[in-house]
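Going by my numbering, the first residue of the sequence shown is number 2, and it counts up by one from there. Note that beta-carbon positions come from the ideal geometry of N, C-alpha and C, so glycine has one too. Since this is a predicted model, take the numbers as computed values, not measurements. Structure, as structure tokens:
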Amino acid sequence: MEEIPIIVLNYNGIELLKKYLPSVLNTKYPYKEVVVVDNGSKDGSVEYVKSLDVKIIPLDKNYGPAYARNIALKRFKTKFMAFLDNDVRPEPDWLDILLETIKSDENIAATQSLYTEWPYDDKPRLIPWFSTAAALVRRDIVAQVGGFDEHYFFYWEDAELSWRLYRAGYKILMVPKSKVYHEAHGTFRKLPSPFTSYLMLRNQMLLLLTYYEITQLLTTFPLLFLARFFQSLKGPNRVAQIKALFSLFREGNYISSKRKFIKGISKQGNIFLKMLGDQVFGYEEFASIRRAIIKKYF
């Protein structure tokens, strides 16, 4: 029997914990323990979790999900570790099903539960990244490739880890039979909107600067940067988004160091980008604009 700790992240989410944590405790699999990692909540979350006799790791401030998950990765030495957001209600057998799939192949580094519409059958299927909203990972492998990147703070940090795992030779599967209900962005709404807009765009672009091949950096990325710039001019939180784009010019050392690290662990190419095709974070939006210009003027 595999010992599996279930890690639940929380930030000022006492109402979400009251709503969803009992269902986590009702997980059918005999998990090692449920642990709430709390990012400096001030709403009574810590006291509530303690009242349930659930283990809690309280942090003194909000360090972000990446940091909080890394705390858990270091705290436990188990082979596997499960992650849930605080706004997730899992079906009782969610973990059994994920474990069965991940143990079927040593090269599977992560499996994800289904919480959105799924256009395929119920067989496990490769996906470009997993969401830590509801997932089971090989803790030892995740730690081996460096854990979650704390530079991202929040948003796209699970995608970045997924791409790193792929480059290291592993794979990630969606397991549709493992089902959870996800009240999307329950905690995310508690963060300032300009701040979230900044992180969403900055981290999205950092991801591509880190993983694009040189030819893509010289051709595709500049066009995508321009597309994102003009989109930000007419969108909400435009100041935050423009700041996010221009903050990329200060990320040279980080990008260079990260690309060097990824090259050192790489055993395969960017197969995750091939899964995404031309839909990589808005590239298709630019492509449609380009097609319209060509049609009109040429």
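Nearest in C-alpha terms to L99, of all of S46, F222 and A135, is A135. The beta carbons of P129 and F273 sit about 4 Å from each other, so the pair counts as a contact at 8 Å. Counting along the chain, Q113 sits inside the beta strand (DSSP E) bounded by residues I109 to L115. Shown here, S42 sits in coil according to DSSP, grouped into three states, outside any helix or strand.
In the structure shown, the three-state DSSP call for A83 is strand. Here H152 has Y255 as same chain residues with Cβ atoms under 7 Å from its own Cβ, once five neighbours each way along the sequence are excluded.
DSSP, reduced to helix, strand and coil, places M2 outside both helices and strands of the structure shown, so it counts as coil. In the assembly as shown, T112 is a buried residue. Its beta-carbon has 16 or more other beta-carbons within 10 Å.
K261 has its alpha-carbon roughly 22 Å from the corresponding atom of N71. Pairing W95 with V181 gives a Cβ-Cβ distance under 8 Å. Nearest to V146 by alpha-carbon distance, out of V9, A110, S52 and G278, is A110. Here DSSP, grouped into helix, strand and coil, assigns K29 to coil.
Taken atom to atom, the span from the alpha-carbon of L22 to that of T117 is near 20 Å.
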